[in-house]
Amino acid sequence: MASLSIRSALELSRQHSSSAGRQMRSSTTSSKRACVQPRSNRLVITSEVDQSLNPRVAALRPSKTMALTDLARALKEKGVPVIGLAAGEPDFNTPHAIVEAGVAAIREGETRYTPNNGTSELLTAICKKFKDENGLDYNPENIVVSNGAKQSIAQGVMATCGPGDEVIIPAPYWVSYPEMVRLSGATGVILPTSVDDNFMVSPADLEAALTPSSRVLILCTPSNPTGSVYTKERLEAIAAIVAKHPRLLVISDEIYEHIIYEPAKHYSFAALPGMWERTLTVNGMSKAFAMTGWRLGYLAAPKHFAVAAARIQSQTTSGASSISQAAGVAALKLGFAGGEPVAEMVSAFEKRRDFVVERLRKIDGIKLGSPDGAFYVMPDVSAFFGPGVEALGFGPVPDVDTLCRYLIEKAQVALVPGDAFGIDTCLRISYAASMETLTEALDRLSAALQPEMFSRK
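Numbered according to this note's numbering, the sequence shown terminates at residue 460, and the numbering increases by one at each position without gaps.
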């Protein structure tokens, strides 16, 4: 039964790329018109509901990370000892001072609508954070507080892009970037990167990809899914190219800013010369402050872009939770880069990173970059699949999706295949889990990836 559940869920995941096309075709099918027929002095209404969708919505792909996280959770509830390393959230509790601020907000009646862009106290705190930590000058009118950084990014894309525009998305990418672009009506242009260059955008490749239609470049540093951190020199080289293209903007996703390991350092793209006017910076509370469920993110941008993003928000969700915003103020008062509570979490993440990297590099066939931030590693596992490759007691392993299916069935470890992130040679491992859990997971993976477990015809 467990094996059937695993296969069914992963088959659904495997089909996500092709399902969008089928949905697009089926969405144009019109259903029958409702009719009224007399029968035995009664009116019988027969109808079929028109199930067509907005083509942009029909084309959206489901998230593999969410699907696999939900699968691991469901299997655990059925008693299957699956270890889930697919989730993208810290395993720590929200720091006490932040929790208490949220509780106080409830008790003190701060439970009503707030201004659409955010409370004045939180906007002021965000501006101070940018000044103190990033050397950036923003006023409250430049900030839009939203229900998570995901909403902030989506609104930034929709505010700046539309049909005919191109959005440059370096791969590996966070799973939602292409779908947000698709929803805006713009065209995503995927720009491959290499593990040999630590998955950073090559300035030469970027310049070659740009056209008069290029509107936005999306950067994420520290990176989800790779853990890579862009160097200042690489960012400056990218900025020099951006400056040559008058239409080109940058959405800089900096949600993992504080989860970074020395000697790596974080640099805000908007702080580079000439980039403030071109950059929409996104950040939030979810990752560094372990506040994923509080749903609180923010965008900082030149006023005309911030106003446009706020207008979208005002007609969709309105402002973020008043309770979460009060907690967000407390988070930003913990100290520089989150103070001691965040430093303790980052220290734990770094130890886990070191352990996972060491264990993975001992597995023959795995190729790994240098994950200097976030809480992910993205090993190249192409040595374990391909034409003619078979796993003992499992069968053919033609691609990374099948390899992940093999690992969840035989090792009972749930990972995310790299094609969800635009790279079909890798998989993503989240080390946002206890050392005990990681040790057991790496023991299982090491056993499942031993050379004697595979044959090549």
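Don't be surprised by glycine CBs; every beta carbon is placed ideally from N, CA and C.
Secondary structure note for A450: its alpha helix (DSSP H) is the uninterrupted segment M438 to A451. Taking 8 Å as the cut-off, the beta carbon of H261 is found closer than this to the beta carbon of A291. Distances from the CA of I146 to each of Y379, C164, T127 and V160 were compared; the closest alpha carbon is that of T127.
Between R431 and V419 the beta-carbon gap is near 4 Å, inside 8 Å, which marks them as a contact. Taking all protein chains shown into account, S55 has fewer than 16 neighbouring C-beta atoms within 10 Å of its C-beta and is therefore exposed. For R298, there is no enclosing beta strand (DSSP E), as DSSP marks it with neither H nor E.
Taking a contact to require three or more Cβ pairs closer than 8 Å, the region 115-129 and the region 372-388 do not qualify as touching. Going by C-alpha positions, E347 is about 13 Å away from D94. Look at the beta carbons and you see the region 125-139 touching the region 271-278: at least three pairs across the two are nearer than 8 Å.
DSSP, read as helix, strand or coil, puts V400 in coil. D383 is bridged by DSSP to K370 and C429. Ranked by Cα distance from L452, the options D168, V392 and D427 are led by V392. Here DSSP, grouped into helix, strand and coil, assigns S197 to coil. When secondary structure is reduced to three states using DSSP, D208 falls in the helix class.
By the Cβ criterion, the region 83-103 is in contact with the region 434-450, since at least three pairs of Cβ atoms, one from each stretch, lie closer than 8 Å.
Using a Cβ-Cβ distance cut-off of 8 Å, the region 302-322 and the region 78-86 are not in contact, since fewer than three pairs of beta carbons, one from each stretch, lie closer than that value. In the structure shown, the three-state DSSP call for E393 is strand.
Each of A189, E169, S321 and A417 was checked against the Cα of T440, and the nearest Cα belongs to A417.
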